[in-house]
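2 protein chains.
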Amino acid sequence: MRGVTPHQQARSEATFQALIAAGRKALEDKTFDQMAIGDIARAAGLSVGAFYGRFENKEAFFLAIQDIAVSEIEESLRRRLSDAALRAASDAEFLAAVAGFSIGVFRKHRGFYFASSKHSSMPPDRWSPVRRLGFNVSGLVAAELMPRLARLGRPATEREIRIGMQFMNGLLVNAVLNDPGPLRLDSRDLERYLVRHLCCFFGIDHE
Amino acid sequence: MRGVTPHQQARSEATFQALIAAGRKALEDKTFDQMAIGDIARAAGLSVGAFYGRFENKEAFFLAIQDIAVSEIEESLRRRLSDAALRAASDAEFLAAVAGFSIGVFRKHRGFYFASSKHSSMPPDRWSPVRRLGFNVSGLVAAELMPRLARLGRPATEREIRIGMQFMNGLLVNAVLNDPGPLRLDSRDLERYLVRHLCCFFGIDHE
DNA sequence: CCTGAATCCGAATATTGATTCGGATTCAGC
DNA sequence: GCTGAATCCGAATCAATATTCGGATTCAGG
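Residue numbers (this note's numbering), protein chains in the order written: chain A, 1 to 207; chain B, 208 to 414.
Laid out in structure tokens, this is it:
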């Protein structure tokens with residue numbers, strides 16, 4: 001991993017894990033600049049020196065955390081999509097599952113999304129982990145949805161599907177970041193409206 | 208204005224304006240923390256001391272900039288909505304105007320949205336100018352749209368209309384902040400898809 | 001012009017936090 | 001055990017900036 005010095009002993013592997021864990025916990029309610037290396041190290045029961053023994057700098061540390069979190073999320077989506085019950089589900093049910101999954105991810109990783117968005121540069125970095133996540137997620141969904149829509153006589157391009165997802169993701173990111181309402185990340189009817197949007201946008205019967 | 212010392216002489220009024228102007232220009236490509244008071248003052252041809260003579264601190268300065276920008280945007284929306292041609296327009300045309308207006312605002316104030324979103328706190332401040340802007344804009348749109356939808360036999364609550372707008376705003380904020388694609392802030396077909404979303408969501412014929 | 005108040009100047013202060021580095025400690029292999 | 005390498009420690013370094021403040025300058029009213 002870029003900016004992470006490979007470990008030769010088990011000790012440093014443990015150090016690495018402890019620091020990552022402390023960093024992820026810190027990111028639950030802090031941004032990149034708000035988290036101080038000293039605090040991270042102390043929380044992990046280590047020293048500043050140990051930190052710099054593992055990571056080239058703070059930036060590399062943040063990137064490593066993002067990479068790990070993103071991989072976990074992608075993996076969980078793959079599992080969810082390969083669920084047999086989901087493949088047999090109706091189109092509306094499938095979209096409901098997509099919405100539900102997305103909401104779950106954003107709720108669980110609220111701080112992570114917050115910190116990542118805050119850290120984005122101007123113009124946005126084309127290879128940030130969050131970007132990759134969004135791209136891969138809507139790609140996986142598109143792969144499932146395209147044949148469904150084709151079968152329904154309403155063929156859609158991959159791009160159109162990604163755009164439908166883009167509206168949903170935008171709303172969720174904005175909910176985390178600015179919480180403008182009326183829908184909030186913890187609203188009971190959030191899923192209902194996300195599904196309504198997806199169904200309307202893709203022209204699927206909204207049951 | 209909160210944190211802004213009222214001016215007794217024309218001199219300080221000019222200083223105020225010069226600083227605000229320099230700040231707005233700086234915000235085109237910098238965030239709140241990236242802009243240094245010293246640079247702002249220099250760009251305005253003034254000194255750090257002059258800055259602190261007008262503003263209690265950096266925070267108040269940022270707030271003043273936001274207030275001014277938000278007021279301008281609200282004013283321009285009011286003008287647009289009171290346009291006679293718009294009142295006579297079809298429902299789809301009305302939604303197209305709303306989408307077009309929003310896109311224009313985000314394009315023109317891209318840096319401003321970027322900086323404001325970056326500055327939001329966790330949890331988001333309930334009284335930030337951007338929040339107020341979003342709320343007021345969707346309120347004004349709802350006021351126009353509700354009677355239209357009622358006339359069409361598809362009555363919608365104000366909340367539903369705000370939610371439809373929330374999808375659009377979310378996409379735009381996310382486009383500024385993370386630019387995830389496929390739709391980008393400068394895409395030619397951005398308006399087309401925003402309109403499609405609004406029409407689908409509100410059940411208006413999409414011509 | 002005079003004068004007190006308003007305003008401006010910019011060097012000095014203060015804080016914060018990332019990063020470095022020399023020395024101590026622990027490991028793995030012999 | 002012994003030894004060189006890996007790792008860890010944490011005080012010192014370095015840089016960036018918001019903010020303060022004492023003194024200089026400019027205004028507005030008489």
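We treat Cβ as the ideally placed atom computed from N, Cα and C, and that holds for glycine.
Rounded to whole angstroms, what's the CA-CA distance from residue i to residue j? Just pull it up for me.
i         : j         : result
Leu140(A) : Ala251(B) : 51 angstroms
Leu401(B) : Arg192(A) : 20 angstroms
Asp205(A) : Ala304(B) : 28 angstroms
Gly3(A)   : Ala221(B) : 49 angstroms
Arg151(A) : Ser82(A)  : 20 angstroms
Asn174(A) : Gly38(A)  : 31 angstroms
Asp186(B) : Gln224(B) : For chain B, the structure presents residues 208 to 414; residue 186(B) sits outside this window and is missing.
Val48(A)  : Ala41(A)  : 6 angstroms
Gly167(B) : Pro124(A) : The requested residue 167(B) is not part of the displayed model; chain B covers only 208 to 414.
Phe342(B) : Arg366(B) : 11 angstroms
Arg189(B) : Leu356(B) : Past the boundaries of the shown model lies residue 189(B); chain B is included only from 208 to 414, so the question cannot be answered.
Ala267(B) : Ile227(B) : 11 angstroms
Ser12(A)  : Ser116(A) : 26 angstroms
Phe62(A)  : Ile368(B) : 39 angstroms
Val105(A) : Phe51(A)  : 29 angstroms
Thr5(A)   : Glu56(A)  : 7 angstroms
Ser121(A) : Glu28(A)  : 21 angstroms
Give me whichever residues DSSP pairs with residue i in a beta bridge.
i         : result
Val173(A) : DSSP, once it has assigned bridges, lists no residue as partnering Val173(A).
Phe262(B) : Val211(B)
Of the choices the options, whose alpha-carbon is the least far from that of residue i?
i         : options                                       : result
Thr364(B) : Pro389(B), Glu266(B), Pro336(B) and Phe409(B) : Phe409(B)
Arg184(A) : Arg159(A), Pro155(A) and Arg110(A)            : Arg110(A)
Ala64(A)  : Ala99(A), Ala22(A), Ser76(A) and Phe135(A)    : Ala22(A)
Trp334(B) : Gly49(A), Gly170(A) and Asn178(A)             : Asn178(A)
Leu405(B) : Gly341(B), Asn264(B) and Glu300(B)            : Glu300(B)
Gln215(B) : Ala296(B), Met242(B) and Gly260(B)            : Gly260(B)
Val176(A) : Pro6(A), Ile20(A), Thr31(A) and Ser12(A)      : Thr31(A)
Arg78(A)  : Ala142(A), Ile20(A), Met1(A) and Glu59(A)     : Ala142(A)
Arg188(A) : Val130(A), Arg80(A), Gly100(A) and Pro155(A)  : Gly100(A)
Leu95(A)  : Arg154(A), Ser121(A) and Gly164(A)            : Gly164(A)
Arg87(A)  : Glu72(A), Ile161(A), Asn169(A) and Leu145(A)  : Leu145(A)
Cys200(A) : Ile103(A), Tyr113(A), Asp91(A) and Ala85(A)   : Asp91(A)
Arg107(A) : Asn169(A), Ser138(A), Ala36(A) and Ala85(A)   : Asn169(A)
Lys58(A)  : Gly153(A), Met35(A), Val70(A) and Glu75(A)    : Met35(A)
How far does the alpha helix (DSSP H) with residue i in it reach, from first residue to last?
i         : result
Val195(A) : Leu190 to Phe202
Asn136(A) : Pro129 to Arg151
Gly230(B) : Ala217 to Ala233
Arg42(A)  : Ile37 to Ala43
Lys30(A)  : Element bounds for Lys30(A): n/a, residue is neither H nor E.
Ser328(B) : It is not in any alpha helix (DSSP H) - Ser328(B) carries neither H nor E in the DSSP assignment.
Complete runs of the alpha helix (DSSP H) confined to the segment 255 to 301 of chain B [at least 4 residues]: 255 to 261, 265 to 288 and 291 to 295
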